[in-house]
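Q: Just dropping this structure here.
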Amino acid sequence: MAQRLVAVTVHATASPDPATVHPIVMDIALPLIFTGFGPLPAVTGVRDQTGSWDHVGVSRRPVLSDGTTVFEQITSCSPPDCFAYEVSGLTNVLGRLVHGAIGSWDFARTAGGGTRIGWTYAFRPKRFRTLLVRLLIAPAWRLYMRRALAATRREVGRQTATTAE
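Quick note on numbering: the sequence shown equals residues 1 to 165 in my numbering.
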């Protein structure tokens, strides 16, 4: 039987084109955008990164404010359109509910020449926990993602304004 995923997707727009936005998002400092939300921890740093975060196979270990870490690895990367990564090794409360997650970002040109950013995070619930993940974790995670995406959009604006000067 195929495992059911619980997916959460958020969107935002940015003024620069996808070729400008994609590398900024891929290289963004995680503590800038993952500042925590309620019981969901902030990212305080990254360790064990195996190369620049811009190609398939590179991995890293984000460090969370609750003292735990997770493992991330890029599984696909097609600049300037999209990239995806797998998250595993959760040991905090999420680790009791999910095996991990698949994250993906996509960047589409808007009619005005900017970028529509889409970010999906699909949890892999453990057996008999799908409903719990769908009803409790997904709504809180959506709020967390919205905050992180808003911070990402601000950072894209900051970096492109700095470059334009």
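Even glycine gets a Cβ: it sits at the ideal position worked out from N, Cα and C. On a predicted model such as this, the values are computed, not experimentally measured, just so you know.
1. Can residue 153 and residue 12 be called in contact, C-beta distance under 7 angstroms?
2. Would you tell me roughly how many angstroms separate the C-alpha atoms of residue 18 and residue 114, rounded to the nearest one?
3. Quick one, which of 32, 85, 69, 62 has its alpha-carbon nearest residue 105's?
4. Among the residues of its own chain, which have a CB less than 7 angstroms from the CB of residue 91, if the five just before and after it don't count?
5. Hey, could you find the ends of the beta strand (DSSP E) residue 32 is sitting in?
6. If we cut at 7 angstroms on Cβ distances, does residue 42 have a partner in chain B?
7. Quick one: residues in its chain with C-beta nearer than 8 angstroms to the C-beta of residue 145, no 5 flanking neighbours on either side, listed in chain order?
8. Would residue 192 be called buried (16 or more neighbouring beta carbons within 10 Å of its own) or exposed?
9. Roughly how many angstroms lie between the CA atoms of residue 33 and residue 77, to the nearest whole one?
10. Assuming residue 44 and residue 63 make a contact with CB atoms under 8 angstroms, what is their CB distance in whole Å?
11. Assign residue 136 to buried or exposed, taking buried as 16 or more other Cβ atoms, counted over all protein chains shown, within 10 Å of its Cβ.
A: So, to answer that:
1. On the sequence shown, residue 153 is found 153 positions in, with the first residue counted as 1. On the sequence shown, residue 12 is found 12 positions in, with the first residue counted as 1. For residue 153 and residue 12, yes; Cβs fall inside 7 angstroms.
2. On the sequence shown, position 18 is the one that residue 18 refers to. On the sequence shown, position 114 is the one that residue 114 refers to. The alpha-carbon atoms of residue 18 and residue 114 are separated by roughly 7 angstroms.
3. Taking the first residue of the sequence shown as position 1, residue 105 is located at position 105. Here the closest residue by C-alpha is 85.
4. In the sequence shown, the residue the question calls residue 91 occupies position 91. Cβ within range, chain order: 68.
5. For this step, residue 32 is matched to residue 32 along the sequence shown. Looking at the DSSP string, residue 32 is not in any beta strand (DSSP E); the run it does join, the alpha helix (DSSP H), is 30-33.
6. Annotation note: the requested chain B is absent from the structure, which comprises a single protein chain.
7. Position 145 of the sequence shown, counting from 1, holds the residue named residue 145. Answer for residue 145: 8, 10, 119, 121, listed in chain order.
8. Outside the shown range of the chain, which is 1 to 165, sits residue 192, and nothing can be said about it.
9. In the sequence shown, the residue the question calls residue 33 occupies position 33. In the sequence shown, the residue the question calls residue 77 occupies position 77. In a straight line, the C-alpha of residue 33 is about 21 angstroms away from that of residue 77.
10. Here residue 44 refers to the residue found at position 44 when the sequence shown is read from its first residue. Here residue 63 refers to the residue found at position 63 when the sequence shown is read from its first residue. Beta-carbon to beta-carbon, residue 44 and residue 63 are separated by about 5 angstroms, close enough to satisfy the 8 angstroms threshold.
11. Start at 1 with the first residue of the sequence shown, and residue 136 comes out as number 136. Label assigned to residue 136: exposed.
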